[in-house]
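Chains as they are written, first to last, in the working numbering: chain A, 1 to 269; chain B, 1 to 269. Positions of the beta carbon are idealized from the N, C-alpha and C atoms, including for glycine.
There are 2 protein chains.
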Amino acid sequence: MSILAIDRIGAIVRGPPVNPAFTAIAPDTAGMPLYRAVKRALLGAVEAGTFAPGAALPSETDLARAFGVSIGTLRKAVDELGAEHIIVRRQGRGTFVATHNEGRFLFQFFHVERNDGLREHPQVDLVSFERSRADDVSAAALQIRPGEPVIEIGNRLRLQGRAVVHDRIILRAALFKGLTEKRLGARSGTIYQLYQSAFGISVVRAIERARAGAAPADTARVLGLAPGVAVMHVHRTALTFGDRPVEYRHSIIDTSQHEYVNLLARPAR
Amino acid sequence: MSILAIDRIGAIVRGPPVNPAFTAIAPDTAGMPLYRAVKRALLGAVEAGTFAPGAALPSETDLARAFGVSIGTLRKAVDELGAEHIIVRRQGRGTFVATHNEGRFLFQFFHVERNDGLREHPQVDLVSFERSRADDVSAAALQIRPGEPVIEIGNRLRLQGRAVVHDRIILRAALFKGLTEKRLGARSGTIYQLYQSAFGISVVRAIERARAGAAPADTARVLGLAPGVAVMHVHRTALTFGDRPVEYRHSIIDTSQHEYVNLLARPAR
DNA sequence: CCCAATTTGTTCGTATGTATA
DNA sequence: TTATACATACGAACAAATTGG
């Protein structure tokens, strides 16, 4: 456990509700329950990289002492962060910053299965990589100005050896400085793992919009389809903490043998 | 508050872990934390209809006394049920069985928006109603035997006056005894509200599988499309408590002006 | 409008159990 | 075996929201 880390978080100091002028009050946490202020402070530390993904947080008792709150209050904050998959708690071991690499997460966003329900980790082929400027649609999705520098990545996903998905990924160049075709191709895990390990960007959720349409010519070529055949178009905006967009992705899926699956799951408890 | 209701729940009686033989132990709750046993008992009461949807549960203090557990333990059980949207807690008022009619829920499953993001409650037209027997696909989805009696409902959904979705709904006849075309047409709310109010069936989650394809002839007629145009097919299995299927639905969506939206949202806390 | 009763929300603290290293 | 960390269970006190008088 690192005392340094705790010191960097800082205790939650708040005055009595009677006269706030006499005591220091964290500006954001006014009128907020104490456990929520603690939660925000912890989330801020995770976002800022004070605790790296996969790293252990200080123990509950240490954190409670560092924040100057009771163990129960600290637990409530940590519980909520756990429910949101920001951190992971393991009895007897400690509390860790989630890495989003745990396998289960692999199928959380893009979820394409064969018609019979077979799941498989897709094989990814890089088909294009270029630097360009954001068009209006990408800019709106990424909340940047049209014309800002972006990186465009073309991927082909194969399932059971069959080319099923053609991805066109748009990244804000300013967020992914130093990303090269070589570095992208040399990655070991998924592209989201690369965002995290190489650029410190954690994708925590996404919004997807889907429609049916005809396969564009380039996609038909990449997937080996007849041009104009019916395919699914999925536009995904991937978000990090605070719902800040980090990636805009247009996926075109050949659904003749596969399906796009959406489990509206309750949290499994 | 009804003492009767509490009596019907029954206290959680469990012996010390040392020698279980000396005290009565609820068979299902062996080795389970106490708060989980309480949660299961409450869930069972909700499922059994001991507390009707919308009805208030006894207060925390009464429930804690009825179960013979501390207020903290009772709260932990109730908190989890709240996180799963089984019940709803309102400070100063009480705890209520969720009705799933709260508006927010309307867009939880089927979520079709116009391209520009405009949401609207769909207008529903009943286009067919018949009793038949389950085919292999429906039977598998509903976990019944092929040939069992089912009810087939055809619906057309209009958004902004435009026919966008054609639904074919398959219900197990045994679960929806007394459902008639007249009763279906005379309902005031959504079809899921009818399931709940008229048949005591709460839909708590769903699984959807989507693909692109051509519009079938009957759908093209219902939606006013050219036959063979690209549309989205969504197969949904709606589930009640314990993941028991209650409805199988095949939706065909004209995505020329609208989109199927999937918000992979974290719980909003 | 205010007051009192009721109910959930928050915060504190302690003790003990269970999993891990 | 021992120490550490999270998990469970208990209970108390007060705050905040709601309702009804």
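- Assignment of beta strand (DSSP E) within the region 212-265 of chain A, counting only whole runs of 3 or more residues, yields 230-240, 244-253 and 258-264 in chain order.
- Within 8 angstroms of the CB of M232 (chain B), the CB atoms of chain A belong to A210, R211, A212 and M232, in sequence order along the chain.
- In this structure, M232 (chain B) lies away from M32 (chain A), with their beta-carbon atoms at least 8 angstroms apart.
- Look at V124 (chain A): its C-beta is not under 8 angstroms from any C-beta on chain B.
- Of all residues in the region 78-91 of chain A, the ones placed with a Cβ closer than 8 angstroms to any Cβ belonging to chain B are E80, A83, E84 and H85, in chain order.
- Proximity of the region 89-101 of chain A to the region 134-145 of chain A falls short of the contact definition, fewer than three beta-carbon pairs being nearer than 8 angstroms.
- Residues of the region 239-263 of chain A with a C-beta atom less than 7 angstroms from some C-beta of chain B are T255, E259, Y260, V261, N262 and L263, listed in chain order.
- Secondary structure of F96 (chain A) (DSSP, three-state): strand.
- Within the same chain, Cβ atoms closer than 7 angstroms to the Cβ of I86 (chain A) are found at L43, V46 and A98, the five residues on either side in sequence being excluded.
- The beta carbon of T255 (chain B) is closer than 6 angstroms to those of M232 in its chain, skipping five residues each way along the sequence.
- Under the three-state reduction of DSSP, G31 (chain A) is assigned to coil, being neither helix nor strand.
- Residue environment: N115 (chain B) is assigned as exposed (fewer than 16 neighbouring CB atoms within 10 Å of its CB, all protein chains considered).
- Among the bridge pairs identified by DSSP, E208 (chain B) is matched with A:N262 and B:R236.
- Taking the C-beta atoms as reference points, Y248 (chain A) is found nearer than 8 angstroms to L142 (chain A).
- Inter-residue distance for S128 (chain A) and K182 (chain A) is about 12 angstroms (C-alpha atoms, whole angstroms).
- At a Cβ-Cβ threshold of 8 angstroms, L118 (chain B) and V150 (chain B) do not count as neighbours.
- Here the C-alpha atom of R65 (chain A) lies approximately 30 angstroms from the C-alpha atom of Q91 (chain B).
- Between V204 (chain B) and the set B:R75, B:P245 and B:T180, the nearest pair of CA atoms involves B:P245.
- For L194 (chain B), same chain residues with a beta-carbon under 6 angstroms away, outside a window of 5 residues either side, are R187 in chain order.
- About 5 angstroms separates the beta carbons of R236 (chain B) and A206 (chain B), which is inside the 8 angstroms limit, making them a contact pair.
- In the structure shown, F67 (chain B) falls within a helical segment according to DSSP collapsed to helix, strand and coil.
- Secondary structure of G185 (chain B) (DSSP, three-state): helix.
- For a cut-off of 8 angstroms, the C-beta gap from T73 (chain A) to Y35 (chain A) is around 5 angstroms, short enough to register as a contact.
- Along the region 100-157 of chain B, the beta strand (DSSP E) occurs as fully enclosed runs of 3 or more residues at 112-114 and 123-133, listed in sequence order.
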